[in-house]
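Report on the following structure.
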Amino acid sequence: MKIFKLLPLALVSVVLFSCEPNDPGHDHVEELITTLNVDLESGGSTVTLNFQDADGDGGNAPVITVDKLAANTTYTGSITLFNASETPAEELTAEIFDEAEDHQFFFATTGASMFAYSDQDNNGNPVGLSFELTTGDAGMESYTITLRHQPEKSATGVSGGDISNAGGETDIEVVFDVTVE
Amino acid sequence: MAAQTCLLTLDGRVTDSHDQSPMEDVSIYITEVGAEQWTDARGKFSFENLCPGTYHALVQHIGCPSERILIELFADTTLSLTLEHHENMLHEVDVHDEHEQAINEQRLSVLTLDNSAAKSLAASVSGLAGVSMLGNGADIGLPVVHGLSGNRLTLVNNGVVHTGQQWGADHSPEIDLNSASKVSIVSGAAAMRYPGTHMGGIVILESGPIPFDPHIHGKIRSTAESNGRGGTFNGQLYKGLETLQWRVGGTLKHYGDRRAPKYFLNNTGMRQAHANAELRKQWDNTLEWEGKYNFFSAQYGVMRGSHIGNLTDLESAFSREVPFFTDSVFSYEIEAPRQWVQHHQLKSGLKKHTAFGTLEWYIAGQRDQRREYDVRRSGRSDIPALSLLQYSIQNELLWSNNGLETGYQFLGRNNWNVPETGITPLLPNFTAFTNGGFVALDHSMGIYDLEFGARYDYTFRSIAKLSNSVPRVPVYYDDNYHNLSLLGRVSRNLGDKWQMLAESSLRQRPPEINEMYSFGLHQGVSGIEEGNLELKQESGLKSTLQLRGKVNEKFHLDVRAYTHFFDGYIYLQPQQTFRLTIRGAFPVFTYEQCDARLLGSDAVIKYELSEHLNFESTWGYVYGMNTTEDLPLNFMPPLNIQNNLGYEIPQWKNWRNVNVSVMHRYSAQQWNWDASLDLIAPPESYHLFDIHLGATLKGGNFKPKFRVGIENIFNTSYRDYLNRQRYFADALGRNFTLSWVQNF
Chain A
271 MKIFKLLPLA LVSVVLFSCE PNDPGHDHVE ELITTLNVDL ESGGSTVTLN FQDADGDGGN
331 APVITVDKLA ANTTYTGSIT LFNASETPAE ELTAEIFDEA EDHQFFFATT GASMFAYSDQ
391 DNNGNPVGLS FELTTGDAGM ESYTITLRHQ PEKSATGVSG GDISNAGGET DIEVVFDVTV
451 E
Chain B
40 MAAQTCLLTL DGRVTDSHDQ SPMEDVSIYI TEVGAEQWTD ARGKFSFENL CPGTYHALVQ
100 HIGCPSERIL IELFADTTLS LTLEHHENML HEVDVHDEHE QAINEQRLSV LTLDNSAAKS
160 LAASVSGLAG VSMLGNGADI GLPVVHGLSG NRLTLVNNGV VHTGQQWGAD HSPEIDLNSA
220 SKVSIVSGAA AMRYPGTHMG GIVILESGPI PFDPHIHGKI RSTAESNGRG GTFNGQLYKG
280 LETLQWRVGG TLKHYGDRRA PKYFLNNTGM RQAHANAELR KQWDNTLEWE GKYNFFSAQY
340 GVMRGSHIGN LTDLESAFSR EVPFFTDSVF SYEIEAPRQW VQHHQLKSGL KKHTAFGTLE
400 WYIAGQRDQR REYDVRRSGR SDIPALSLLQ YSIQNELLWS NNGLETGYQF LGRNNWNVPE
460 TGITPLLPNF TAFTNGGFVA LDHSMGIYDL EFGARYDYTF RSIAKLSNSV PRVPVYYDDN
520 YHNLSLLGRV SRNLGDKWQM LAESSLRQRP PEINEMYSFG LHQGVSGIEE GNLELKQESG
580 LKSTLQLRGK VNEKFHLDVR AYTHFFDGYI YLQPQQTFRL TIRGAFPVFT YEQCDARLLG
640 SDAVIKYELS EHLNFESTWG YVYGMNTTED LPLNFMPPLN IQNNLGYEIP QWKNWRNVNV
700 SVMHRYSAQQ WNWDASLDLI APPESYHLFD IHLGATLKGG NFKPKFRVGI ENIFNTSYRD
760 YLNRQRYFAD ALGRNFTLSW VQNF
């Protein structure tokens with residue numbers, strides 16, 4: 271059997287192959303958290319801290335909006351999470367709540383404010399979607415809110431809100447510069 | 040006519056293929072007769088009073104893998120056998136080695152391949168001079184040759200340029216080392232012949248010839264290891280008839296968590312399953328066909344403690360004694376983060392010998408599928424975070440005659456992101472087509488051997504990706520490149536003991552898809568990677584000088600020095616400011632281009648201390664500078680030295696070819712480094728020691744070969760500069776190994 275019918279080799283190959291790359295299609299990103307919203311309610315009125323990074327890993331700087339806080343006040347805090355890259359924006363708070371044992375929020379401050387957890391997972395450890403914030407005297411402070419995925423809640427100090435031994439992966443880490451007046 | 044009575048003589052001489060010196064103490068064992076003879080000081084042996092017929096002879100010598108030859112004895116016959124770097128055991132009985140290891144080619148011997156059956160491709164070639172491994176953990180890694188890896192190194196598996204996702208340092212090549220019987224690293228005209236984007240070095244794997252023997256034969260290689268509590272099993276069967284030969288084989292690997300001296304590296308288990316099959320047919324001495332199929336599948340666990348989030352997490356990981364997520368319990372389970380990869384390769388090759396030369400036509404197709412899983416919320420850890428599917432086709436037509444070789448090659452690739460991830464892909468969809476042709480000329484003039492080569496490739500690519508900014512819409516790009524390669528090489532014999540080589544080659548490659556169009560968080564580098572649309576093609580000029588030969592009978596030397604100048608060297612540059620996202624701050628890496636200079640040298644020294652004791656030392660060093668910025672090039676291999684002391688005796692009690700070897704490896708701290716290039720300083724230098732004891736069992740028809748060993752005898756804690764896991768954890772601790780090789 272003599273073989274060589276010399277078809278142009280490129281042609282043979284291209285026929286077996288599509289010339290155009292596949293269309294990337296619609297990007298349906300389900301689990302990206304773009305927005306952290308903290309509502310602080312006291313005496314009927316609510317102030318809000320909001321962090322939004324619409325382009326995820328992209329180069330656009332996040333947009334941070336911070337309301338002023340009153341001094342020496344106890345606020346009831348609640349955190350909600352959104353994916354604003356979808357239209358309409360999708361609330362993702364329930365995903366944290368459903369995997370409460372795998373998540374914990376940590377609150378740190380540079381000033382006199384104090385944070386306390388108001389919620390629990392099935393093992394009696396805190397989650398932090400609901401918390402209490404008590405401000406001190408007037409001044410400027412920085413709050414750092416960190417969400418850890420799969421932390422070691424039973425390690426020393428962790429369930430009290432000390433992040434040092436928590437481990438896990440950081441899913442959220444945002445800093446709010448607040449004015450207490 | 041031969042007498043029909045049993046008075047035939049079979050004798051012969053065994054010589055070393057390097058220098059044709061006679062080899063003493065070579066055992067020739069004729070299975071059917073159960074008789075054994077040993078060669079004398081002149082390499083001669085003789086069997087007498089044999090009956091006419093077919094015999095299987097087993098040829099064994101210290102330091103050589105045992106070899107089988109088939110002898111059709113119908114008259115007094117004299118054999119001429121050569122050992123060491125033997126290649127072909129073809130047809131009749133003439134066993135002269137045609138393909139001695141060429142200068143500027145480095146090869147893993149069959150013996151080393153047998154001993155490395157449990158290792159990955161990158162790990163096993165890293166023992167050669169000038170070769171290192173860049174990777175992430177013990178099992179995931181790429182070879183680095185003279186400072187070049189990834190997009191700059193081409194892997195050729197059975198004549199087919201391997202296509203996959205080799206742009207990532209955390210992506211192992213999807214090639215089963217055990218399917219190859221010959222692994223070599225070449226440059227020069229041999230490198231000119233292949234398409235692909237290499238810049239001067241190629242790793243070539245070949246399954247090797249199938250010896251002529253009408254009976255089915257095979258080989259088993261099996262290794263058990265204590266570190267990872269796992270094992271590797273490889274089996275092959277082959278049969279070589281006059282005009283039809285076949286071989287099938289497969290490998291299985293199963294490992295659990297690896298262990299550093301002080302803790303487990305949790306989630307570093309690994310599973311692999313591979314298969315290979317080939318069929319060869321010849322017609323009337325002028326036409327041959329071969330078909331080869333390779334299947335590779337693997338699942339790698341990525342150490343949980345190395346998949347860290349933002350900069351805060353990274354910095355606290357760097358200061359930890361024990362990595363995050365370390366568990367004192369061993370497990371075989373592989374959970375997220377993990378990699379799953381599957382690769383198919385099918386090749387058909389036709390070769391026709393004519394009066395005007397040899398014509399060859401190869402066509403090959405590959406399918407590469409890679410899924411990478413991250414730790415994700417809400418049960419999404421079972422949905423891949425990266426899912427890439429790539430098809431490629433290669434089609435080439437070659438003609439060679441008398442030292443002239445020329446060819447036309449087509450390489451097409453189609454890569455896309457399977458839409459199942461729910462994450463904006465790191466790498467875009469693309470198609471790439473390369474048409475190329477080359478000419479290579481080899482000419483001998485007395486003691487000089489000259490080679491010239493020229494190559495031209497035209498690449499056209501179409502890219503479709505989602506925009507980097509929101510809202511994310513599809514964007515399209517096209518690019519095309521003309522790449523030229525030139526090669527000149529002179530090698531010369533100096534007397535009859537030395538050879539010298541001088542070589543200069545120019546190569547160009549297009550900026551790869553990931554270098555231009557990637558975007559997103561790449562867990563493999565713990566940072567956000569951004570491609571650069573402005574990149575132009577990269578050009579490199581490499582000049583090599585090599586000298587090898589014998590200082591005296593006992594002392595062999597092979598030294599090489601090279602310079603490699605780049606224009607448009609593409610590299611990943613860490614940015615000085617970090618990117619703020621909702622997850623915190625991340626390091627950002629962008630692809631840039633610069634002028635670069637690599638200077639390097641490597642050497643192999645072999646010294647025979649006595650009849651039974653030999654010493655081998657391998658050195659390698661490369662110094663890389665970004666001459667535009669006057670900064671070091673990142674992740675260049677530091678100085679490394681490997682010493683091996685081997686002691687072997689022909690027999691002891693029930694054992695033959697008993698050998699003990701002690702290996703010492705030294706890796707220096709990378710001193711050519713700058714703080715702006717990396718998140719932590721390079722790790723300290725380290726020394727590692729291994730010891731192995733091997734022997735072949737005498738008697739009976741099966742002669743199993745066993746080998747026990749201890750790697751990292753002193754359980755040294757160390758970190759390797761080229762291993763990305765070093766940011767988080769120590770490398771492997773002590774490992775006990777037991778292996779069994781059986782030819783049948």
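Taken in order, these protein sequences are the chains called A and B. In the working numbering, each residue's number is its place in the first sequence (first place is 1) plus 270. In the working numbering, each residue's number is its place in the second sequence (first place is 1) plus 39. For each residue, glycine too, the CB sits at the ideal point set by N, CA and C.
Within 10 angstroms of its Cβ, does residue i collect 16 or more other Cβ (buried), or is it exposed?
{"i": "lysine 272 of chain A", "result": "With a pLDDT of 39 at lysine 272 of chain A, under the threshold of 50, the modelled position of this residue cannot be trusted; read the value that follows with caution. Result: exposed."}
{"i": "proline 676 of chain B", "result": "buried"}
{"i": "glutamine 76 of chain B", "result": "buried"}
{"i": "glycine 344 of chain B", "result": "buried"}
{"i": "cysteine 90 of chain B", "result": "exposed"}
{"i": "isoleucine 486 of chain B", "result": "exposed"}
{"i": "asparagine 693 of chain B", "result": "exposed"}
{"i": "methionine 62 of chain B", "result": "buried"}
{"i": "alanine 720 of chain B", "result": "exposed"}
{"i": "aspartate 713 of chain B", "result": "exposed"}
{"i": "phenylalanine 741 of chain B", "result": "exposed"}
Sorted by chain position, which residues of the same chain lie with C-beta nearer than 7 Å to residue i's C-beta, five sequence neighbours on each side aside?
{"i": "asparagine 754 of chain B", "result": "Pro300, Gly772 and Arg773"}
{"i": "leucine 648 of chain B", "result": "Phe654"}
List, in chain order, every chain A residue whose beta-carbon is nearer than 8 Å to that of residue i.
{"i": "asparagine 468 of chain B", "result": "Pro291, Asn292, Asp293 and Pro294"}
{"i": "arginine 618 of chain B", "result": "Asp327 and Gly329"}
I want to verify the contact list: residues of chain A whose CB lies under 7 Å from the CB of residue i, in sequence order.
{"i": "tryptophan 438 of chain B", "result": "Result: empty, since nearest Cβ-Cβ is about 12 Å, beyond 7 Å."}
{"i": "arginine 636 of chain B", "result": "Within 7 Å Cβ-Cβ: nothing; arginine 636 of chain B doesn't reach chain A, min ~32 Å."}
Considering only residues of the same chain and omitting the five flanking positions on each side of residue i, which have a CB-CB separation below 6 Å?
{"i": "arginine 298 of chain B", "result": "Asn266 and Gly772"}
{"i": "threonine 351 of chain B", "result": "Gly623"}
{"i": "glutamine 781 of chain B", "result": "Ile259 and Pro743"}
{"i": "isoleucine 249 of chain B", "result": "Tyr277, Gly279, Gln284 and Arg286"}
{"i": "alanine 324 of chain A", "result": "Thr304 and Ala354"}
{"i": "alanine 177 of chain B", "result": "Arg297 and Leu771"}
{"i": "valine 164 of chain B", "result": "Val170 and Pro182"}
For residue i, return the contacting residues in chain B, with the cut-off set at a CB-CB distance below 9 Å.
{"i": "asparagine 330 of chain A", "result": "Ser508 and Val509"}
{"i": "glutamate 360 of chain A", "result": "Residues of chain B passing the Cβ test: none, with the nearest at roughly 12 Å."}
Identify the continuous alpha helix (DSSP H) that holds residue i and give its terminal residues.
{"i": "alanine 230 of chain B", "result": "228 to 231"}
{"i": "glutamate 245 of chain B", "result": "Here glutamate 245 of chain B belongs to no alpha helix (DSSP H); instead the beta strand (DSSP E) covers 240 to 245."}
{"i": "threonine 416 of chain A", "result": "Unbroken run through threonine 416 of chain A is the beta strand (DSSP E), 409 to 419; no alpha helix (DSSP H)."}
{"i": "leucine 150 of chain B", "result": "149 to 154"}
{"i": "alanine 13 of chain B", "result": "The question about residue 13 of chain B has no answer, for chain B in this structure spans 40 to 783."}
{"i": "alanine 436 of chain A", "result": "Alanine 436 of chain A -> no alpha helix (DSSP H), and no H or E assigned at all."}
{"i": "valine 164 of chain B", "result": "160 to 164"}
{"i": "methionine 555 of chain B", "result": "552 to 556"}
Mind pulling the chain B residues with CB within less than 8 Å of residue i?
{"i": "phenylalanine 321 of chain A", "result": "Ile621"}
{"i": "leucine 306 of chain A", "result": "Ile621"}
Using the beta-carbon of each residue, which ones in chain A are nearer than 9 Å to residue i?
{"i": "alanine 503 of chain B", "result": "Glu290, Pro291, Asn292, Asp293 and Pro294"}
{"i": "leucine 560 of chain B", "result": "Gly326 and Asp327"}
Less than 8 Å between C-beta atoms, sequence neighbours within five positions excluded: which residues of the same chain meet that for residue i?
{"i": "alanine 157 of chain B", "result": "Thr262, Glu264, Gly270, Thr271, Lys292, Thr776 and Ser778"}
{"i": "valine 72 of chain B", "result": "Phe86, Leu89 and Tyr94"}
For the beta strand (DSSP E) that contains residue i, what are its first and last residues?
{"i": "asparagine 774 of chain B", "result": "774 to 782"}
{"i": "methionine 664 of chain B", "result": "652 to 665"}
{"i": "tyrosine 387 of chain A", "result": "384 to 387"}
{"i": "glutamate 87 of chain B", "result": "83 to 89"}
{"i": "asparagine 698 of chain B", "result": "694 to 706"}
In chain B, which residues lie less than 7 Å from residue i when you measure between Cβ atoms?
{"i": "serine 348 of chain A", "result": "Near serine 348 of chain A there are no residues of chain B at all, since even the closest Cβ is about 18 Å away, more than 7 Å."}
Output the residue ranges of the beta strand (DSSP E) runs that lie fully inside the region 402 to 467 of chain B and measure 3 residues or longer, sorted by chain position. Those beta strand (DSSP E) runs which fall completely within the region 402 to 467 of chain B and span 3+ residues are 425 to 440 and 443 to 456.
May I have a chain-ordered list of the alpha helix (DSSP H) segments no shorter than 4 residues that lie completely inside the region 328 to 363 of chain A? Every candidate alpha helix (DSSP H) stretch fails here, since none sits fully inside the region 328 to 363 of chain A while reaching 4 residues.
Can you list the beta strand (DSSP E) stretches of 3 or more residues lying completely in the region 562 to 632 of chain B, in chain order? For secondary structure counted as the beta strand (DSSP E) over 3 or more consecutive residues, the region 562 to 632 of chain B holds these complete runs in sequence order: 566 to 569, 577 to 591, 594 to 613, 618 to 620 and 623 to 625.
Where are the alpha helix (DSSP H) runs, 4 residues long or more, that stay fully inside the region 319 to 382 of chain B, in chain order? Within the region 319 to 382 of chain B, the complete alpha helix (DSSP H) runs of at least 4 residues are 350 to 357.
Which whole runs of the alpha helix (DSSP H) in the region 736 to 762 of chain B are 4 residues long or more, in chain order? As far as the region 736 to 762 of chain B is concerned, it has no whole alpha helix (DSSP H) run of at least 4 residues.
Residues within the region 516 to 531 of chain B neighbouring chain C, beta-carbon criterion of under 8 Å: Absent from the structure is chain C; the protein chains it does hold are A and B.
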